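See below for the structure under consideration.
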Amino acid sequence: MKILYFAWLRTEIGKSSEDISLPTNVRTVNDLLNWLPELGNSYTQALKKRDLLRIAVNQDYADLDQEIRDSDEVAIFPPVTGG
10 MKILYFAWLR TEIGKSSEDI SLPTNVRTVN DLLNWLPELG NSYTQALKKR DLLRIAVNQD
70 YADLDQEIRD SDEVAIFPPV TGG
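All letters in the sequence shown, in the order written, are residues 10 to 92 by the numbering used here.
Written out as structure tokens, the structure reads:
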């Protein structure tokens with residue numbers, strides 16, 4: 010799976026993207042967000058504001074119960090405002 014991080018998530022985690030293999034127990038977006046902090050403190054810090062995060066799976070907005078696969082691209086980002 011390719012994961013993309015944007016804005017302060019990229020800064021906190023220290024990378025803009027990464028390729029990972031999902032553990033067998035990670036089947037949904039929510040599972041992914043619960044699992045990522047196991048990768049280290051920077052993930053824990055970045056993802057502690059989960060209520061602010063938006064998720065896209067394969068460039069479509071996704072809910073927490075959206076199923077995911079190793080072949081997916083998941084983007085994690087804070088809400089975007091424009092002007």
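Positions of the beta carbon are idealized from the N, C-alpha and C atoms, including for glycine.
This one's a predicted model, so the numbers in the text were calculated from it and none came from an experiment.
Shown here, Thr37 sits in a strand according to DSSP, grouped into three states. Pairing Ser51 with Glu27 gives a Cβ-Cβ distance that is not under 8 Å. For Ile85, the enclosing beta strand (DSSP E) has its first and last residue at 82–86. Residue state for Leu73 is assigned as coil, using DSSP reduced to three classes. Buried is the label assigned to Tyr14, since at least 16 other Cβ atoms lie within 10 Å of its Cβ.
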